[in-house]
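**Q**
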Amino acid sequence: MSEIKLINLKTKKDLKTKKIEILDFSHDLFEVIKKSLGLTVLKQNFTFLDEKINYLLLDENKTITLLDFKKENFGQILGRSLYLVDLIRENLGKLKTYLSEDLKKEEILEIDFNPRIIVLGTNFTKYDHYAIKQINKEIDLIKCEVFDSNTLVLEKNYQSQNYLENGFPKSQLFNEIKEHLLMLGDEIVIKEFPHYVAIRRIANFAYLYYDEALVLRVLVDGKYKTKAIKNSKDLETALKLLEEAYA
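Here the sequence shown is numbered in the working numbering, starting from 1 and rising by one per residue.
#1: Figure out for me which residue from E138, I135, D186 has the closest Cα to the Cα of Y246.
#2: Short of 7 Å in beta carbon distance, which residues of its chain neighbour G38, apart from the five on each side in sequence? Order them along the chain.
#3: Would you mind working out which of H180, A238, E51, Y55 sits nearest V215, comparing C-alpha positions?
#4: Going by C-alpha to C-alpha distance, which of E236, L56, Y224 sits closest to F174?
#5: Closest Cβ-Cβ distance between A228 and chain C: below 8 Å?
#6: One question on the structure: do I111 and K62 come within less than 8 Å of each other, judged by their Cβ atoms?
#7: Which residue wins for smallest C-alpha separation from K230, given the options K126, N123, Q172, R89?
#8: Under a Cβ-count criterion, where at least 16 other Cβ atoms within 10 Å of its own Cβ denotes burial, should P115 be classed as buried or exposed?
#9: For E244, report the span of its alpha helix (DSSP H) as first-last.
#10: When the Cα atoms are used, what is the spatial distance from G222 to R200?
#11: Sorted by chain position, which residues of the same chain lie with C-beta nearer than 8 Å to L95's C-beta, five sequence neighbours on each side aside?
#12: Can you pull the DSSP bridge partners for N84?
#13: Okay, do the region 153-161 and the region 127-139 touch, 3+ Cβ pairs below 8 Å being the bar?
#14: Could you give the distance in angstroms between the alpha-carbon of D50 and the alpha-carbon of D68?
#15: To the nearest angstrom, how far is it from the Cα of S36 to the Cα of D148?
#16: L67 lies in the beta strand (DSSP E); which residues open and close that run?
#17: Could you check whether L99 and I108 sit closer than 8 Å to each other, using their CB atoms as the reference points?
#18: Do D234 and K225 come within 8 Å of each other at the CB atom, strictly closer than that value?
#19: Looking at the unbroken beta strand (DSSP E) that takes in G93, where does it start and where does it end?
#20: In terms of residue numbering, what span does the alpha helix (DSSP H) encompassing A228 cover?
#21: Helix, strand or coil: which one does DSSP assign to K170?
#22: Quick check on F46: buried or exposed, where buried means 16 or more other Cβ atoms within 10 Å of its Cβ?
Take a look at the structure:
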């Protein structure tokens with residue numbers, strides 16, 4: 001698996017990495033990771049059907065998200081999250097009723113209740129990749145390291161790919177964009193919803209949707225740019241914007 005080294009240019013020495021344990025997963029560290037991954041807290045420190053859940057999160061696409069941790073290099077890839085995902089799916093009515101204590105009906109209707117799992121760890125192996133291929137759930141593996149106690153590095157390691165089709169209208173222009181994105185990097189996830197497509201690495205950086213024509217909305221240098229794609233010339237411009245956003 002890939003290895004990250006950070007080197008201090010002044011001292012020319014490697015920055016020391018600190019192993020992240022669940023017990024010392026501080027509030028400040030959680031806040032930084034949450035923001036970097038585009039997550040918001042829906043509920044925290046609560047009990048649902050006798051199961052304690054530390055964080056029930058929403059990602060940028062309003063998908064229910066659970067955080068899990070690979071504790072050691074040779075530890076299990078997933079802890080309780082697989083069980084919690086099935087618990088949520090099998091008891092959606094009860095969960096929605098529970099959430100209605102804090103959320104309006106309109107807010108609950110916006111939520112995608114097909115849970116996503118993000119696994120944080122300092123190292124993942126080919127066996128971890130193989131394991132999640134066998135599981136029909138949306139799972140991201142994120143390498144997470146702290147250097148010299150003040151520098152956090154997050155690296156997309158792997159993600160499942162068998163959940164992405166969800167009824168977004170296809171066209172030749174869309175297919176060419178999708179093919180180009182997959183050539184840019186294998187860490188890119190293209191997640192389809194009925195009315196839009198979200199494109200992410202660690203967090204979303206672009207969207208596709210229809211407004212008379214196919215439209216790309218992409219984050220470049222901290223600002224979103226929008227491009228309608230009606231022909232091959234528009235497509236060329238859109239692909240360049242995606243390359244800028246990816247760089």
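Backbone N, C-alpha and C define an ideal beta-carbon position, used for all residues, glycine too.
Treat the numbers as computed from the prediction; the structure is a model and nothing was measured.
**A** Quick look at the numbers:
#1: The residue labelled residue 246 in the question sits at position 246 within the sequence shown. When each option's Cα is compared against that of Y246, the closest is D186.
#2: Walking along the sequence shown from the start, residue 38 turns up at place 38. Excluding sequence neighbours, G38 sits near D59, E60, A203, N204.
#3: As a working note, residue 215 is residue 215 in the sequence shown. Residue A238 is the option with its Cα nearest to V215.
#4: What you label residue 174 is simply residue 174 of the sequence shown in a count that begins at 1. For the residues E236, L56, Y224, the minimum Cα distance to F174 belongs to E236.
#5: The chain inventory of the structure shown lacks chain C, comprising one protein chain alone.
#6: In the sequence shown, the residue the question calls residue 111 occupies position 111. In the sequence shown, the residue the question calls residue 62 occupies position 62. Result yes, Cβ atoms of I111 and K62 sit closer than 8 Å.
#7: Sequence index remark: in the sequence shown, residue 230 carries index 230 (1-based). Measuring from the Cα of K230, the nearest candidate turns out to be Q172.
#8: Indexing the sequence shown from 1 puts residue 115 at position 115. The residue in question, P115, is buried, as its Cβ has 16 or more Cβ neighbours within 10 Å.
#9: The residue given as residue 244 occupies position 244 in the sequence shown. It spans 232-246 - the alpha helix (DSSP H) in which E244 sits, taken as one unbroken run.
#10: Here the question's residue 222 lines up with position 222 in the sequence shown. Here the question's residue 200 lines up with position 200 in the sequence shown. The straight-line gap from Cα to Cα measures roughly 15 Å.
#11: Taking the first residue of the sequence shown as position 1, residue 95 is located at position 95. F48, I88, F113.
#12: Here residue 84 refers to the residue found at position 84 when the sequence shown is read from its first residue. It is Leu, not Asn, that sits at residue 84 in the sequence shown. None; L84 has no bridge partner.
#13: yes
#14: Counting from 1 along the sequence shown, the entry for residue 50 is found at position 50. Counting from 1 along the sequence shown, the entry for residue 68 is found at position 68. In a straight line, the C-alpha of D50 is about 19 Å away from that of D68.
#15: Working through the sequence shown from its first residue, we reach residue 36 at position 36. Working through the sequence shown from its first residue, we reach residue 148 at position 148. Rounded to whole angstroms, S36 to D148 spans 19 Å at the Cα level.
#16: Here residue 67 refers to the residue found at position 67 when the sequence shown is read from its first residue. Residues 63-69.
#17: Taking the sequence shown and counting its residues from 1, one reaches residue 108 at position 108. Taking the sequence shown and counting its residues from 1, one reaches residue 99 at position 99. Cβ distance < 8 Å, so I108 and L99 count as in contact.
#18: Mapped onto the sequence shown, residue 225 falls at position 225. Mapped onto the sequence shown, residue 234 falls at position 234. Contact: no.
#19: The residue labelled residue 93 in the question sits at position 93 within the sequence shown. That residue, G93, is in no beta strand (DSSP E); its alpha helix (DSSP H) goes 92-99.
#20: Stepping through the sequence shown from its first residue, residue 228 is reached at position 228. A228 -> not in any alpha helix (DSSP H); beta strand (DSSP E) instead, spanning 223-229.
#21: For the purposes of this step, residue 170 is taken as the residue at position 170 of the sequence shown. DSSP places K170 in coil when its eight states are reduced to three.
#22: Residue 46 sits at position 46 when you count from the first residue of the sequence shown. F46 should be labelled exposed.
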